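Numbering (the working numbering), first residue to last: 48 to 142. The beta-carbon is built from N, C-alpha and C at its ideal position, and this holds for glycine as well. Quick caveat, the model's predicted, so the values are computed rather than measured. Working notes for the structure below.
This is how it looks when you write it as structure tokens:
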């Protein structure tokens, strides 16, 4: 995947399962620097319960990209908490 824009790889997941020690990955997102989808995958629970429909998913993606630091390190994975979800992200320049 090549692009001129700076991309963000995001892994979203803080949904607690029945056992208090388990966490679930809710979504994997690859977004450009404006928050446009390049590739996304939401788990079944997230699609049915949290972000129902593409409109809700895109709104969440825009909210996430808007709250991430603009000057994130290009080589390090970083962590943010947005809307009570733990977001692991890494900025990437596909040039």
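Beta-carbon proximity list for residue i, same chain, < 8 Å, skipping 5 on both sides
| i | result |
| --- | --- |
| residue 84 | 76, 77, 78, 105, 108 |
Opening and closing residue of the alpha helix (DSSP H) in which residue i lies
| i | result |
| --- | --- |
| residue 110 | 101–114 |
Best match in the options for proximity to residue i [C-alpha to C-alpha]
| i | options | result |
| --- | --- | --- |
| residue 123 | 132, 129, 136, 111 | 136 |
| residue 81 | 116, 92, 126, 112 | 112 |
| residue 130 | 114, 139, 89, 92 | 114 |
Short Cβ contact (7 Å threshold) for residue i with residue j
| i | j | result |
| --- | --- | --- |
| residue 73 | residue 86 | no |
Continuous beta strand (DSSP E) stretch holding residue i: start and end
| i | result |
| --- | --- |
| residue 125 | 125–129 |
Chain-order list of residues whose beta-carbon lies under 6 Å from that of residue i (same chain, five-residue window excluded)
| i | result |
| --- | --- |
| residue 128 | none |
| residue 89 | 74 |
Taking only runs of the beta strand (DSSP E) that begin and end inside the stretch 70–96, which ones reach a length of at least 3 residues, in chain order? Whole beta strand (DSSP E) segments, 3+ residues: 74–79, 84–89.
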